[in-house]
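A.B. asks:
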Amino acid sequence: IQPMQQFRYTVGKNSTDSAMIIDAMDLLHSNNVGGFCIVASDSDYTRLATRIREKGLFVIGVGEKKTPEAFTNACNQFIYCENLIGPKEIRKKAAKEEKSDVSDPLNLLLEGFNLAAKEEEWIHLSALGSVLRQLDPAFDPRTYGHQQLQSLNKKYPEAFTLKRDKLRKPPVVYVALTAL
């Protein structure tokens, strides 16, 4: 890591963002990295994330919940800073957010299940998680007050049934739609 100072040449332009984008492109073309992590909450890095993915590399974005959807969708995976807290804080936050503007994830969970299941009745919970992150790179159970996808699915017993195969090491969790 090399510390760098970027001077401001004009008012109203963010020369630091531009310098970091140029450095990232240099790294991209050096073919010495396997992926990128971009920590930002603005859309200035949307095209950079898209370009890195076009080159076949994995992009993780990290930012605040105010991050524009264009940037979160440009990343393979996006993590909200607000989700990077301990389990006690998540439970406290969940109680507050049930009354906030966080949308109910049930429709996304159902869509993800239907895409992952195809013709299967039971699917690996991990397969559901992978499809959910493809549908929404910012998907994270912690956004909805749950530490894991398993506990988020348990919140909807009318929609999902979970079973654990304890004979496998480590145990595998499967999910199916609840029979109506």
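Basically my numbering = 1-based index in the sequence shown + 64. The beta-carbon is built from N, C-alpha and C at its ideal position, and this holds for glycine as well. All values reported here derive from a predicted model rather than from experimental measurement.
Between the beta-carbon of Leu-189 and the beta-carbon of Leu-213, is there less than 8 angstroms?
C.D. replies: yes
A.B. asks: Buried or exposed for Ile-86, please, with buried defined as at least 16 other CB atoms from any protein chain shown within 10 angstroms of its CB.
C.D. replies: exposed
A.B. asks: Do the segment 89-99 and the segment 121-139 touch if we need at least three Cβ pairs shorter than 8 angstroms?
C.D. replies: yes
A.B. asks: Is Thr-225 helix, strand or coil by DSSP?
C.D. replies: strand
A.B. asks: Would you mind reading off the limits of the beta strand (DSSP E) that contains Gln-141?
C.D. replies: 141-144
A.B. asks: Compute the Euclidean distance between the alpha carbons of Phe-100 and Ala-243, then round it to the nearest angstrom.
C.D. replies: 42 angstroms
A.B. asks: Following the continuous alpha helix (DSSP H) through Gly-193, name the residue where it begins and the one where it ends.
C.D. replies: 189-199
A.B. asks: Going by C-alpha distance, which of Glu-184, Pro-234, Ile-116 and Val-195 is nearest Gly-98?
C.D. replies: Ile-116
A.B. asks: On the DSSP letters alone, give me the boundaries of the beta strand (DSSP E) that Leu-121 sits inside.
C.D. replies: Segment: none, Leu-121 is in no beta strand (DSSP E) and carries neither H nor E.
A.B. asks: Pick helix, strand or coil for Phe-100, following the three-state DSSP scheme.
C.D. replies: Strand at Phe-100.
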